[in-house]
Every structure is written in structure tokens, then in C-alpha cells.
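**Q** Protein chains in written order, with our numbering: chain A, 1 to 336; chain B, 1 to 355.
Backbone N, C-alpha and C fix where the C-beta goes; we use that ideal spot for every residue, glycine too.
First the structure, which I've put down as C-alpha cells, then a few questions once you've had a look.
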Amino acid sequence: MTAIDSGAALPKRRADFIPALLPVALALAALPFIGSSSTWITLTVAGLSMGMMIFAMASGLTLVFGLMDVLNFGHGAFIAVGAYMAALVLAPLAGWTQADALWSGLAALLPAVIVAMGVSAALSIAFERALIRPVYGQHLKQILVTMGGLIVAEQLLYALFGPQLIALPLPTALRGSIVFGDAAVEKYRLLAVIVGLVIFATLILILTRTKIGLLIRAGVENREMVEALGYRIQRLFIGVFMAGSALAGLGGVMWALYREQVHASVAQELTVLMFIVIIIGGLGSVTGCFIGAILVALVANYAGFLVPKLALVSDILLMVVILLWRPRGLFPVTSR
Amino acid sequence: MMILSGDKPRSLVLSVLLAAVFLALAFAPFLFPGSKPLNVAAKICIFALLVASYDLLLGYTGIVSFAHTMFFGIGSYGVALALFNYGPSWTMIVLGVLIALPLAAVLALAIGLFSLRVQAIFFSMVTLAVASAFAVLASQLSWLTGGEDGRSFQVPPALRPGNRLFEGEIFGVALNGRVVSYYLVFVACLVLFLLLLRIVNSPFGRVLLAIRENPFRAEALGYRIVVHRTLANVIAALIAAAAGALNAIWLHYTGPETSLSFSIMLDILVMVVIGGMGTMYGAVLGAALYILAQNYLQALMGSVSSAAASAGLPLVPGLFHPDRWLLWLGILFILSVRFFPTGIVGRLRQRATKA
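See the structure below:
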């Protein structure tokens, strides 16, 4: 055994930049095929904004899995809840949403976002207590029960709000596009990109600069050790679960405004997309989830423009390619 | 007991129930004349087989797949498209099956080798993703599949209702092509079910059980987990595709709703859990009970809903509307996974060993 030099710096993990370069490489590679640079800018911004929304929804899912080995097939339900809450809150605020000033448009969205995140977080406590805790540690039952939870949640939303599509117009101030040179970029997409970046930065700051973040990262690496050191990982888990569900609610608001409609079927539709994203990113990795979301969305947008039929399966193909290269995803974290 | 591969029901009540289901299905055209009961009986046969093949994955191998309807759909579409495009003949049925089965096997092999080598949970996510992409493809490629409308087609003349085996009747039932089709479905399902029973009671099946109980230990004994799980996935996919082909022949129609939709996947899950995972016989009881309930309970829900609506109760009509069938199914499913994990067969066997 070698003597341990306590003064030496801890061995640093080698930074892995290749996955981070992938979206850039992809975007540049797509440019010659698309031809016109203005179309390319529009498509890229559209892809980035879609990626940011998916990231907001999927980040909680990947963290919860990393921390507690719980894969919540019902995560999508909170997206749908967020979307319906946005519709509920924005309907009486028509005066603000229809005003032209930017501040009133944003001011109308603020209560919608707060309510959506609050309700999602509150419901997530009930979901965790009723469905996840009783089958804790049993993968098979966990998959089955949470999938059942998704179906029940979706059907309850239909029973409460009706099975029809609900229109959710974007606030007037956020409509239209900003023109850079000859490329038009929709305002709302720009806003989505900004919100996504803020979420990502906040998550990374919390994870790397706070004690809670330290515990979460330690828990992802080795749950038993954190417990042995005297921290109640169960509470930490519930906190992360609530935060993740709240983010899913926020993602639901953003997605509903982007589509300008609300329907409970988004829960299932986006569950599939989120799974692909977190598999690509590496289960448990927030950074991986971020890059995975952007990759999936960019590929979907480029493919939709270049070969529309291919867009139907482009995300699966992307997943296959990435997993052939790195079988555990871009940033494999857990040893499980 | 050779025919049951030595896997006896091991409970008197269970034996009686199984015998009752078997006899009812074997003589369905004579016991329950009329087209609706015969439809129900055929659906029970097909789903018993489909659920049994799913049980090979969920109950015996311990992996959750969400792509089982995809393989069911491949079988359905294989036969449907062959008959639709090249006319009704037995050759085309064979051709459809010969295209569908290898396709299902290759796809199952690819998914298995791809996602089962990392973790079993990957498999669930990947199957969900692939199955939903397949469903989208089937509804989008309408030049081939008929899109959302699906394809209606003619079956070979021998199977059409107009065809009579001979003039006259047996026990007051005319032996027409419909009855012949039913017996085709029944016999094929029975044979394939017995084959599944043979597989799970073979040394291969024992290894699957060992992997389910303790993968680490099974691997330490020298069994390749990936190979066994993937093989189980391929067998299950083949049988599901065969069930799909039978379904297409019976319905004379294939569309996304009858073969690919997610609600069918949920139906399969509910049947296998209620019947009892890892028992094979559970699939038969689960399918029989569930399909009977589906055919007769949905009507009951409708009347509860309209009664509540006329009584002026808030919310209740919405909750009991027949379109909310999945809500109650989901709740039932969660409760049975939670409190009733061994299902009917497990409970009956438990009682038999106690007594």
C-alpha cells in the first residue's frame, strides 16, 4: 500500500468535452445540407428552444433515478398537470395576456408558472407516498405501478377538464419574431432558450456549489455511504422528487404555450421523448440530460426539414448511434 | 400429464376453473351460438396466447417490455397486407406469416442485444420508445398500412361465413366458415400455449427463473444473462406475432386500434397481473375474466354514468363515462400489483398448499 499524502490535491476527473461538442458539430454539419443560412438559424433556434423545454422536463427524472434508482414512468403526468394549470390561470388574465407590452405578457406568465410548479410539487408528494414508496427497491413493480399512475393521472385529467383540446393562446407580446439579418427567430423560442439556460445554470450551481448539491451528487455516486455518514437520504430524495416534478410542471407550461394547446396526451407523448433524452445523456447525469435534450431536438428539427418521413424515427436512430458509441450514455454516472 | 409438460395446476379449484375455461372455449360455437359470444371466445383464445407469451417475459424472465403490442401488430399487419395486396388465398396467409415472424424475431433480437446488455430497466425504456415509434410509423405510412383506418381484407373462401362444410346442422348449429375459423384460432392457440408451457418447464425455462430470482448468482453459475433474456424476448415476440396473425384472420381487419394501441398493452399487463405472473395458467384465467368483464362491464359503467347524470351528481358522470374505462383499469392494475402480486393462480396454489 502506498502512503497517502494528505497534502496532495485530490485526483481530478478528466473533463470530458467530446459530448459537449456534439451539438455544435451536428449544427455545423447540417448547415451545408440545409443550404440557406437564414433557414438554418431559424431551425437551430427552434431546436434549441425545444431542447431546453425537454431538458426542463427530463432533468428531474434523471436526478431521481440517479439518486434513488427510481425510474418514474409517471413523470409525464406532472407535465400535463402543469399545462392544465397554465390554462386555468391564464384564462382569467386575458387582459394582461392580450396587452402589447412585454412586461404584462411576462407578468401574466409568472402566476401561471408559480401555480403550475406549486401544484405539480404538491401532487408529487402524494404520488411518491402512494405509488413509489410502497414498491421501493423492486424495479419490476416500480415500473408497473408508476406506469399505472401515468394512465390514472391522464384519465383523471380527462375526467376533470374534458377530453377535448383546450386552446391556450400565447400572450400577444410574445408573438411574432425578431429578424436578425434575413433570419426570423420567434420571440417565444428565444424566451424558452433563456429560461432553459437559467434552469441549467441554476441546477449546476446548486449541484456543485451548495451542501445540498454535494449530498445529492454523493448520493448519486453511492447512496449507502451517504446514509452511513448520517444523512437522511429519504428526505433528500423527496426534496429532489418535488423539485423535479415542479420542473416538469414548468416544462408543461412552456410546452403548452409553444404548441398553444393543452391536452393530457402530452404526458405519454413526452414520456417517450424524455426517456430517449435521459438514455442518451446517461441515466443520472444532469449535464448529459442537457446535451441529450439539445441533440434530440436539433436532430428532430433538421430531419423534419430535410427528410420529413425520417423525423418520425430520428430520435430512435440518434439513440442507437449514441449507445453504439457509448453504451451507458454520454455521461455514465451511476455504477448500477 | 406429458401434454402439460409436467406442470400441473397444483390446486383443485384451479384445475376446475381451467377445465371449465377449456371446455367452454372448445365447444363455444355449440354452447353459445350467435356471433357476439363467438367473437368473445375467439378474443379470449388469442389474448390467452398473447398474455402467456408476455408472461414468459414479465413473469419468468423478470423484464418489463412495452413493445409486445408491436410484435402483435407485426403479425397482424403481415397477414393483413399480404391478403389485402395479393388476394385471399392460403398461400398469402403463409406468405404473411413467413414475412412477419422473421421480422419480429430480428427486431426482438436487435432490441434485446441492444438494451439488455446494460440493465433491465433500459429495456423497458427502449421498448417503450421503439413501440411508440412503430405505432407512429404504422399510422403515417398510409400507402402501405392504410393509416388510421387500417386495412379490411377478404380471407380465403373456406373461412368465410357463407361457406358450409356440409348441409345440415350439428346440435342446431350450422358448420359455416366462421366456425371453421374459430377452430383454426382455437387449435393454433392451444398448440402454441402448450409449446410455451413446454418452454418454461425446460432447462432453459429454469435458467430464466434463476436469472429472475438472482441474476448475479445465475451469472456466477455460468449462464449468460444477456443471451437467455434475449432469447426469451425473441420467443415471446414470435408467439406474439403468431397471435397477431390469428387476430387478423379472425377479424378480417387490421388497424392501429386493434393491434398496436397502447391500451392493448395495458390490457395485456392487467391480464397477466390479475391472472398471476410467472404461472402461464394465469394468462388463461386473466384473459378469460378480463375480456368477459370488458364486454359486459363497460355497458354497466355507461348506465351508472347516465344514472348519476340524471341524479344531478357533479363529477360522477365524468368518472364513470365509458370512455374512462382506462381510469378504472389503471386503478385496478395498481392495486393488484401492490396487494395481489401473485394473482389468482398464486392465491389458489397458496391455499392448496396450506390445506
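Along the region 284 to 308 of chain A, what residues have a CB closer than 9 angstroms to any CB found in chain B?
**A** Cβ contacts with chain B: none found.
**Q** In chain order, what residues of the same chain lie with their CB nearer than 7 angstroms to the CB of residue 188 of chain B, ignoring the 5 residues before and after it?
**A** Correct list, in chain order: 246.
**Q** Since residue 219 of chain B sits in a beta bridge, which residues does DSSP pair it with?
**A** None; residue 219 of chain B has no bridge partner.
**Q** For my contact list, residue 156 of chain B and residue 88 of chain B are in at a C-beta cut-off of 8 angstroms; report their separation, rounded to the angstrom.
**A** Residue 156 of chain B to residue 88 of chain B, Cβ: 5 angstroms. Contact.
**Q** Between the alpha carbons of residue 299 of chain A and residue 35 of chain A, how many angstroms are there, rounded?
**A** Roughly 16 angstroms separates the two Cα atoms.
**Q** Using the beta-carbon count (16 or more within 10 Å), is residue 100 of chain A buried or exposed?
**A** Classification for residue 100 of chain A: exposed.
**Q** Return the CA-CA distance between residue 46 of chain A and residue 318 of chain A, expressed in angstroms with no decimal places.
**A** Going by the C-alpha atoms only, they are around 18 angstroms apart.
**Q** So, residue 254 of chain B versus residue 77 of chain B, is the Cβ gap smaller than 7 angstroms?
**A** Yes, Cβ-Cβ distance for residue 254 of chain B and residue 77 of chain B is below 7 angstroms.
**Q** To the nearest whole angstrom, what separates the beta carbons of residue 276 of chain A and residue 131 of chain B, a pair I think is in contact under 8 angstroms?
**A** Actually they are not in contact, since the Cβ atoms of residue 276 of chain A and residue 131 of chain B sit about 13 angstroms apart, beyond 8 angstroms.
**Q** Return yes when the Cβ of residue 351 of chain B is within less than 7 angstroms of the Cβ of residue 155 of chain A, no when it is not.
**A** No, the Cβ-Cβ distance between residue 155 of chain A and residue 351 of chain B is not below 7 angstroms.
**Q** Looking at the secondary structure, which residues open and close the beta strand (DSSP E) in which residue 177 of chain A lies?
**A** Residues 177 to 180.
**Q** Can you check which of these residues, B:121, B:92, B:74 and B:97, is closest to residue 107 of chain B by C-alpha distance?
**A** Of B:121, B:92, B:74 and B:97, the residue nearest in Cα terms is B:74.
**Q** Take residue 199 of chain B and list the residues in its own chain whose beta-carbon comes closer than 8 angstroms to its own, dropping the five residues that flank it on each side.
**A** Here the set comprises 56, 205 and 235.
**Q** Taking only the alpha-carbon atoms, compute the straight-line gap between residue 195 of chain A and residue 52 of chain A and give it to the nearest angstrom.
**A** Near 8 angstroms, if we compare the C-alpha coordinates of residue 52 of chain A and residue 195 of chain A.
**Q** Given this structure, state the Cα-to-Cα distance separating residue 1 of chain A from residue 21 of chain A, to the nearest angstrom.
**A** Reliability fails at residue 1 of chain A, whose pLDDT of 45 lies under 50, so the model's placement of it is uncertain and no value is given.
**Q** Could you pull the DSSP bridge partners for residue 403 of chain A from this structure?
**A** Residue 403 of chain A falls outside the range modelled here, since chain A spans only 1 to 336, and no answer is possible.
**Q** Measuring CA to CA, which of A:232, A:325 and A:186 is closest to residue 258 of chain A?
**A** Taking only the C-alpha atoms, the option nearest residue 258 of chain A is A:186.
**Q** Quick one: does residue 159 of chain A have its CB under 7 angstroms from some CB of chain B?
**A** Output row for residue 159 of chain A: interface = yes.
**Q** Under a CB-based cut-off of 7 angstroms, is residue 138 of chain A close to chain B?
**A** Not an interface residue.
**Q** Which chain A residues sit within Cβ distance under 7 angstroms of residue 132 of chain B?
**A** Simply 272.
**Q** Would you grab the beta carbon distance between residue 29 of chain B and residue 173 of chain B for me? Rounded to a whole angstrom, and I think it's under 8 angstroms.
**A** Indeed, because the Cβ distance is near 6 angstroms, the residues count as touching under 8 angstroms.
**Q** Which value, in whole angstroms, describes the spacing of the CA atoms of residue 67 of chain B and residue 278 of chain B?
**A** Whole-angstrom Cα-Cα distance: 19 angstroms.
**Q** Locate the alpha helix (DSSP H) running through residue 184 of chain A, then write down its first and last residues.
**A** Element bounds for residue 184 of chain A: not the alpha helix (DSSP H) but the beta strand (DSSP E), 183 to 186.
**Q** Taking all protein chains shown into account, do 16 or more other C-beta atoms lie within 10 angstroms of the C-beta of residue 8 of chain B, making it buried, or fewer, making it exposed?
**A** Classification of residue 8 of chain B: exposed, given that the 10 Å Cβ count is below 16.
**Q** Spatial neighbours of residue 158 of chain B within its chain, please: C-beta separation below 7 angstroms, excluding the five flanking residues on both sides.
**A** 177 and 180, listed in sequence order.
**Q** Just to confirm my understanding: we take residue 163 of chain B, look at its own chain, exclude 5 residues before and 5 after, and list those with CB closer than 8 angstroms. What are they?
**A** Once the five neighbours on either side are set aside, the close Cβ partners of residue 163 of chain B are 157, 176, 177 and 180.
**Q** DSSP state of residue 261 of chain A, grouped into three classes?
**A** Strand, per DSSP.
**Q** If contact means a Cβ-Cβ distance below 8 angstroms, which residues of the region 327 to 348 of chain B contact chain A?
**A** Cβ contacts with chain A: 327, 329, 330, 331, 333, 334, 337, 338 and 341.
**Q** In the DSSP assignment, what are the bridge partners of residue 254 of chain B?
**A** According to DSSP, which records beta bridges pairwise, residue 254 of chain B is partnered with B:151.
**Q** Starting from residue 385 of chain B, trace the beta strand (DSSP E) in both directions and tell me its first and last residue.
**A** Residue 385 of chain B is absent from the structure shown; chain B starts at 1 and stops at 355.
**Q** To the nearest angstrom, how far is it from the Cα of residue 26 of chain A to the Cα of residue 315 of chain A?
**A** Taking the straight line from one Cα to the other gives about 14 angstroms.
**Q** In three-state DSSP terms, what is residue 231 of chain B?
**A** Three-state DSSP puts residue 231 of chain B in a helix.
**Q** Keeping to the same chain, check which residues put their C-beta closer than 6 angstroms to that of residue 335 of chain A; ignore five residues upstream and five downstream.
**A** At residue 335 of chain A, the pLDDT of 49 sits below 50, so the modelled position is not reliable and the matter cannot be decided from this model.
**Q** State the Cα-Cα distance for the pair residue 313 of chain A and residue 285 of chain B, rounded to the nearest angstrom.
**A** Answer to the nearest angstrom: the Cα atoms are 37 angstroms apart.
**Q** Please decide whether residue 342 of chain A counts as near chain B, where near means a Cβ-Cβ distance under 7 angstroms.
**A** Outside the displayed range of chain A (1 to 336) lies residue 342 of chain A, so it cannot be described from this structure.
**Q** Give the secondary structure of residue 160 of chain B by DSSP, where H, G and I count as helix, E and B as strand, and everything else as coil.
**A** In the structure shown, residue 160 of chain B sits in coil (DSSP, three-state: anything other than H, G, I, E or B).
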